[in-house]
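Visitor: Handing you a structure now.
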Amino acid sequence: MRRGAAKSIRLTRLHSIPKNKKSNAGPETHSMTSGQNDLVKITRSFFDSIQRRDWGSATELIHPEARALQNVSGQETNARELLQSMQGLVSSLKDFSYENIRSIACPHAVVEQHDVHMLKANGGEVVLDVCIILRFDDAGLIVRIDEYFDSAPLSGLLN
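Take any residue in the sequence shown, note its place counting from 1, add 7, and you have its number in my numbering.
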């Protein structure tokens, strides 16, 4: 590489689902390898399972020793334990969905941004703009979850 030249990392834009559309819309694919395509399918399956509240299917996609980190807590935890705590939150909601999904894949990882729409039983709505990085092992299991979001809208769940 010549001096001063930036080293580039090839990322592939996978899909963008228009706002107010559910996550079951098909991905737009551009120059994806078969491995990247597989990771996108696993990612969709993971989030679709959570949206359906199919916790068993979502858990099966996570390696038993996978780690997770949310920026709001700053504490690393077991990824399956994070999913269990999410189950408690989602079970208290009338509706829960992922919308406005944008993803990028690279070898062994998918970076996804999405809006998490949460509708409380009393009709109150909370929307979180989330960025999540899923890292995968060679078998296609999630081995790390890094999740980033502004926690201020969560106060709406407590009201």
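The beta-carbon is built from N, C-alpha and C at its ideal position, and this holds for glycine as well.
So does the segment 62 to 79 actually touch the segment 146 to 153, counting three or more Cβ pairs closer than 8 Å?
Guide: Judged by Cβ distances under 8 Å, the segment 62 to 79 makes contact with the segment 146 to 153, as three or more pairs qualify.
Visitor: Based on the DSSP secondary-structure assignment, which residues constitute the bridge partners of Met125?
Guide: The residue you call residue 125 lines up with position 118 of the sequence shown. Paired residues: Phe103 and Val133.
Visitor: Return the CA-CA distance between Asn31 and Ile57, expressed in angstroms with no decimal places.
Guide: Mapped onto the sequence shown, residue 31 falls at position 24. Mapped onto the sequence shown, residue 57 falls at position 50. Per-residue confidence for Asn31 stands at a pLDDT of 48, beneath the threshold of 50, marking its modelled position as unreliable; the derived number appears in the next sentence. Straight-line Cα distance between these residues: approximately 13 Å.
Visitor: Give me whichever residues DSSP pairs with Thr84 in a beta bridge.
Guide: In the sequence shown, counting from the first residue as 1, residue 84 sits at position 77. Note: Thr84 sits in a beta bridge opposite Ala75.
Visitor: Pick out whichever of Gly63, Ser52, Cys138 and Ser98 has its Cα sitting closest to the Cα of Asn78.
Guide: Taking the first residue of the sequence shown as position 1, residue 78 is located at position 71. Selected option, being the one with the closest Cα: Cys138.
Visitor: What span of residues does the alpha helix (DSSP H) with Asp55 cover, start to end?
Guide: Counted from its first residue, the sequence shown places residue 55 at position 48. Residues Ser41 to Gln58.
Visitor: Could you tell me the distance, in whole angstroms, from the CA atom of Lys101 to the CA atom of Ser80?
Guide: Counted from its first residue, the sequence shown places residue 101 at position 94. Counted from its first residue, the sequence shown places residue 80 at position 73. If you take the alpha carbons of Lys101 and Ser80, they lie about 25 Å apart.
Visitor: Please state the DSSP three-state secondary structure of Leu141.
Guide: Start at 1 with the first residue of the sequence shown, and residue 141 comes out as number 134. Three-state result, Leu141: strand.
Visitor: Alpha helix (DSSP H) containing Gly63: first to last residue?
Guide: Translated into the one-based positions of the sequence shown, residue 63 becomes position 56. Looking at the DSSP string, the run of the alpha helix (DSSP H) that includes Gly63 is Trp62 to Glu67.
Visitor: Look at the alpha carbon of Leu135 and the alpha carbon of Gly42, and state the distance between them as a whole number of angstroms.
Guide: Residue numbering aside, residue 135 sits at position 128 when the sequence shown is read from its first letter. Residue numbering aside, residue 42 sits at position 35 when the sequence shown is read from its first letter. Their backbone Cα atoms lie some 30 Å apart in a straight line.
Visitor: Rounded to whole angstroms, what is the Cα-Cα separation between Arg142 and Val97?
Guide: Within the sequence shown, numbered from 1, the residue matching residue 142 stands at position 135. Within the sequence shown, numbered from 1, the residue matching residue 97 stands at position 90. If I take the Cα positions, the gap works out to 23 Å.
Visitor: Is Thr105 near Phe53, with beta carbons less than 8 Å apart?
Guide: Looking up residue 105 in the sequence shown gives position 98. Looking up residue 53 in the sequence shown gives position 46. The displayed chain sequence assigns Tyr, not Thr, to residue 105. Not a contact, by the Cβ cut-off of 8 Å.
Visitor: In terms of residue numbering, what span does the beta strand (DSSP E) encompassing Asp153 cover?
Guide: Working through the sequence shown from its first residue, we reach residue 153 at position 146. Start and end: Ile149 to Phe156.
Visitor: Just mark Ser172 as buried or exposed, buried being the case when its beta carbon has 16 or more other beta carbons within 10 Å.
Guide: In this structure the chain extends from 8 to 166, so residue 172 is not present and cannot be described.
Visitor: List the whole-angstrom C-beta distance separating Ile118 from Ser110, where the pair is believed to meet the contact cut-off of C-beta under 8 Å.
Guide: Taking the first residue of the sequence shown as position 1, residue 118 is located at position 111. Taking the first residue of the sequence shown as position 1, residue 110 is located at position 103. According to the sequence as given, residue 118 is Val; it is not Ile. Their Cβ separation, rounded to whole angstroms, is 7 Å, which keeps Val118 and Ser110 in contact under 8 Å.
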